[in-house]
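Here the protein sequences come in this chain order: A and B. At position 11 of the first sequence (counting the first as 1) the number is 11 in our numbering, and the numbers step up by one without a gap. Plus 1000 on top of the position in the second sequence (first one is 1) and you've got our numbering. Glycine is no exception: its CB is placed at the ideal position from the N, C-alpha and C atoms. Values in this document were obtained by computation on a predicted structure and should not be read as measured data. Before any comments, here is the structure.
Protein chains: 2
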Amino acid sequence: MARVTQQDIAKVMGVSVMTVSNAFNRPDQLSPDLRTRVLERAAKMGYTGPDAVARQLRSGRTNTFAVAFEEKLSYAFSDPFSVAWLAAFSEVMEESRASIMLLSVPAGDHEALAAVQDAAVDGIAGLCGNQPAMIRARERGMPTVYCTLATRADADGKGDYVVIDDHAAALEMAGLLRRLGHRRVFLLVETLYPGQPRMAEYRPEEFRDLVDAHAGSLFSDDLRLSGLVGGLQGLDVTVVPVGTNSRAAGHAAGTLVLDRKDRPTAVVAVSDVMALGFMDALRQRDLVPGVDVSVAGFDGLPEAAEAGLTTIRQPVRDKGRLAAELLLDPERKDRRIILPHELIVRRSTRPVA
Amino acid sequence: MARVTQQDIAKVMGVSVMTVSNAFNRPDQLSPDLRTRVLERAAKMGYTGPDAVARQLRSGRTNTFAVAFEEKLSYAFSDPFSVAWLAAFSEVMEESRASIMLLSVPAGDHEALAAVQDAAVDGIAGLCGNQPAMIRARERGMPTVYCTLATRADADGKGDYVVIDDHAAALEMAGLLRRLGHRRVFLLVETLYPGQPRMAEYRPEEFRDLVDAHAGSLFSDDLRLSGLVGGLQGLDVTVVPVGTNSRAAGHAAGTLVLDRKDRPTAVVAVSDVMALGFMDALRQRDLVPGVDVSVAGFDGLPEAAEAGLTTIRQPVRDKGRLAAELLLDPERKDRRIILPHELIVRRSTRPVA
DNA sequence: CTTGTTCTCTGTAACGATAAAGAACATCAT
DNA sequence: ATGATGTTCTTTATCGTTACAGAGAACAAG
């Protein structure tokens, strides 16, 4: 009941293994008659076609590409940005008839890192470049592409990328708030470092030390945050790590911040998802975004447009598409791509009263 | 600059290849001292650890499982049912440290079928059992699990499954409509067969012939539809294939049906997504679900609860979870699981005026 | 001084396939 | 008849790893 191989067929038919192999892969290398007989015999013997793994070993290619996530995969399917990116990425892969493998390598999960080692893929893409999976993949000498620069330094490191200039974008956002006259601003980020207490509040002087103290850890929003902080210098700025990049976390930040006397006049989240959650909290209190508190996000999701949320639009689909193209075509020249972004001002940001 | 292998290291160090292999996989098989030296030397030579593909070939296992979709992958990420299923499936896989491969094998795309042949996986799961990818996988002798029975006959075929009794569920739904006194009912399905003209209207006598004429084609909602038709016998029933399983298609069906004189008193879609789309069309016309037209769906999505939509709840997450467990544990006994469903009556279905 | 056991390490043979080159024979033009 | 050209099939050599069986030394127990 063992598996039938080309060798078995060859032996039974009294032909060489190569002939059997050619019958399946290179019809021009043997007579149509023999080919038919081989295929028939193979079918009769219960041979189900060339083994994928063996073929991959011999050819040195798997035609499969991995996507690494820092979170559980259920997050990858629920975050709008992630889904849009994945959709664009997969469309290109589908067209090229390449397969996609999903890897989940949560920060700090050392065992999960082995998945990168054991992945039979030709390359790997990830949303963030400094995540452990990406680093490991590069150590393995595997082609990598990532779509967010976490720090300036990343730009000089290894690996290809498709990103936007998050720092410049953040500066523009800060400029907008300045022009609108805001003086007391809260900035919502996911986490400053792994194990970060949620909903703590930091002054700009403090948070930088914290991040540096955990250097090498993952802080993917560093460019956005430091851009905002830099651009808002001189104003009353508070940084709040809300724990996760989710609507719920943004909402929780709202409950934390909105019920006190000294409300901020503006709140910027480093993602639209968080900003939308914060707006949920406003709505609950019958406060109006832009009127009572100005709110802004990053990413440019369709949901942000519906909600009238000021944001930085980034070309998500292009990021996904180009990431796939870079992986598929190792010969391609420009392998470090900086895409344009756009500050989109909507009704959620207004001049301070 | 060729790739470094265990053999290279062995040669350079004057030890056997097995020793190198053992240094990486079975530390107890060699002295700690030698092991350290091997690892150091390996690192120095730029060896990046055992090759995944070679290891898979040797061991006969890939620890990877495929999920096959009949649509483009972007659909898999956008349909709520699909996403929920995938999330549950992936959670189990993550816990077991198995990887997931996504395959897209659209109906009729013969080239894409090759992906199933070339997938280096230990098993494959799919939402529907009679899709080409599943059939091909079973021909390859690969373990399969699917989560929807398309026809009664599927139940006797090969492969494991985790399903609900869609036919019985549909009968219950039909019974509800009967009790509520509905006499003119429209049934929305995705498509009856590939290439099906959209928004055609069929009588129950007709559609069965159509489906049979395209026997062997994919019609995954057959059990639901035939249950509904059977349960509504004697009433004025019309079957409408709306083209795709999407909110937009349900909405389009609404524009088709709602602006005529002889409106149906009730509409049942074989999925919540379509039903929700239909309700969008109602709302646009200031018609009230349940009052002007009764509406019902299938699946039991959270969105359905919010919208007050009567539906058949099915345990999506259990389907995903169990599918993964069946793939992971080939020894497990019960491999054909029928989960309970539940008719949930909400305000979208009321007695006919 | 056996005999047995443990600890390290080695050699060989797969796993299932394909690339590359070659052999045998037929065909064809000169 | 000669060489050139094809067609069809075979031989040999990997791809990078691990399973398995054993060999040699050291050490304890009888």
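Min CB distance residue i to chain B below 8 Å
{"i": "A/T64", "result": "yes"}
{"i": "A/E303", "result": "no"}
{"i": "A/R183", "result": "no"}
{"i": "A/Q117", "result": "yes"}
{"i": "A/P258", "result": "Looking at the sequence itself, residue 258 of chain A is Leu, so the reference to Pro does not match. Taking Cβ atoms only, chain B never reaches closer than 8 Å to A/L258, which makes this a no."}
{"i": "A/M101", "result": "yes"}
{"i": "A/E111", "result": "yes"}
{"i": "A/E40", "result": "no"}
{"i": "A/A120", "result": "yes"}
{"i": "A/E331", "result": "no"}
{"i": "A/E91", "result": "yes"}
{"i": "A/S21", "result": "no"}
Three-state class that DSSP yields for residue i in the structure shown
{"i": "B/R1336", "result": "strand"}
{"i": "A/P330", "result": "coil"}
{"i": "B/L1102", "result": "strand"}
{"i": "B/R1247", "result": "helix"}
{"i": "B/Y1075", "result": "helix"}
{"i": "B/R1186", "result": "Reading the sequence as shown, one finds Phe at residue 1186 of chain B and not Arg. Residue state, collapsed to three classes: strand."}
{"i": "A/S294", "result": "strand"}
{"i": "A/E342", "result": "strand"}
{"i": "A/T19", "result": "helix"}
{"i": "B/P1197", "result": "coil"}
{"i": "B/D1160", "result": "strand"}
{"i": "B/A950", "result": "Lying outside 1001 to 1353, the shown extent of chain B, residue 950 of chain B is not represented and no answer is given."}
{"i": "A/G141", "result": "coil"}
{"i": "B/A1252", "result": "helix"}
{"i": "B/P1027", "result": "helix"}
{"i": "B/P1315", "result": "coil"}
Option in the options with minimal Cα separation from residue i
{"i": "B/R1035", "options": "B/Q1056, B/A1010, B/D1051", "result": "B/A1010"}
{"i": "A/P80", "options": "A/S246, A/A52, A/D280", "result": "A/S246"}
{"i": "B/G1250", "options": "B/V1291, B/D1008, B/D1280, B/V1211", "result": "B/D1280"}
{"i": "A/Y193", "options": "A/R203, A/F207, A/H182, A/H110", "result": "A/F207"}
{"i": "A/Q117", "options": "A/V15, A/R140, A/L30, A/L210", "result": "A/R140"}
{"i": "B/G1195", "options": "B/L1188, B/L1086, B/L1177, B/F1219", "result": "B/F1219"}
{"i": "A/A150", "options": "A/L223, A/L187, A/D209", "result": "A/L223"}
{"i": "B/A1323", "options": "B/Y1146, B/Q1233, B/P1302, B/P1241", "result": "B/Y1146"}
{"i": "B/A1266", "options": "B/E1091, B/G1014, B/G1181", "result": "B/G1181"}
{"i": "A/L73", "options": "B/Y1075, B/I1100, B/E1071, B/E1070", "result": "B/I1100"}
{"i": "A/L127", "options": "A/V105, A/E111, A/M142", "result": "A/V105"}
{"i": "B/R1260", "options": "B/I1344, B/V1293, B/G1230", "result": "B/V1293"}
{"i": "A/M199", "options": "A/R26, A/V239, A/F77, A/L287", "result": "A/V239"}
{"i": "B/H1167", "options": "B/D1122, B/P1132, B/Q1233, B/L1225", "result": "B/L1225"}
{"i": "B/L1004", "options": "B/P1050, B/D1033, B/P1027, B/G1300", "result": "The sequence shown places Val at residue 1004 of chain B, rather than the Leu named in the question. Minimum Cα distance to B/V1004 is reached at B/P1050."}
{"i": "B/Q1233", "options": "B/A1169, B/P1330, B/L1276, B/R1184", "result": "B/R1184"}
Close-in-space but distant-in-sequence residues of the same chain around residue i (CB under 7 Å, 5 per side omitted)
{"i": "B/A1120", "result": "Q1056, T1062, T1064"}
{"i": "A/R285", "result": "L258"}
{"i": "B/A1112", "result": "S1104, V1105, P1106"}
{"i": "A/G290", "result": "R347, S348, T349, R350"}
Own chain, CB closer than 6 Å to residue i, minus 5 neighbours either side, in chain order
{"i": "B/A1088", "result": "R1317, G1320, R1321"}
{"i": "B/L1328", "result": "S1096"}
{"i": "A/T144", "result": "I124, M134, A137, R138, G159"}
{"i": "A/E342", "result": "R313"}
{"i": "A/G308", "result": "R346, R347, S348"}
{"i": "B/Y1075", "result": "none"}
{"i": "A/V67", "result": "L102, A125"}
Interface flag, residue i vs chain A, CB-CB below 8 Å
{"i": "B/R1140", "result": "yes"}
{"i": "B/A964", "result": "Outside the displayed range of chain B (1001 to 1353) lies residue 964 of chain B, so it cannot be described from this structure."}
{"i": "B/S1271", "result": "no"}
{"i": "B/S1096", "result": "no"}
{"i": "B/S1104", "result": "yes"}
Close Cβ partners of residue i (< 8 Å) along its chain, the five nearest in sequence each way excluded
{"i": "B/M1274", "result": "L1188, E1190, V1242, N1245, S1246, R1247, A1249, G1250, A1253, G1297"}
{"i": "A/R332", "result": "E325, L326"}
Taking Cβ-Cβ distances below 7 Å as the criterion, which residues of the segment 1048-1059 of chain B are in contact with chain A? Within the segment 1048-1059 of chain B, T1048, G1049, A1052, V1053, A1054, Q1056, L1057 place their CB atoms closer than 7 Å to a CB of chain A, listed in sequence order.
Can you list, in chain order, the residues of the segment 71-88 of chain A whose Cβ is nearer than 7 Å to any Cβ on chain B? So the list reads K72, L73, S74, F77, V83, L86, A87, given in the order they occur along the chain.
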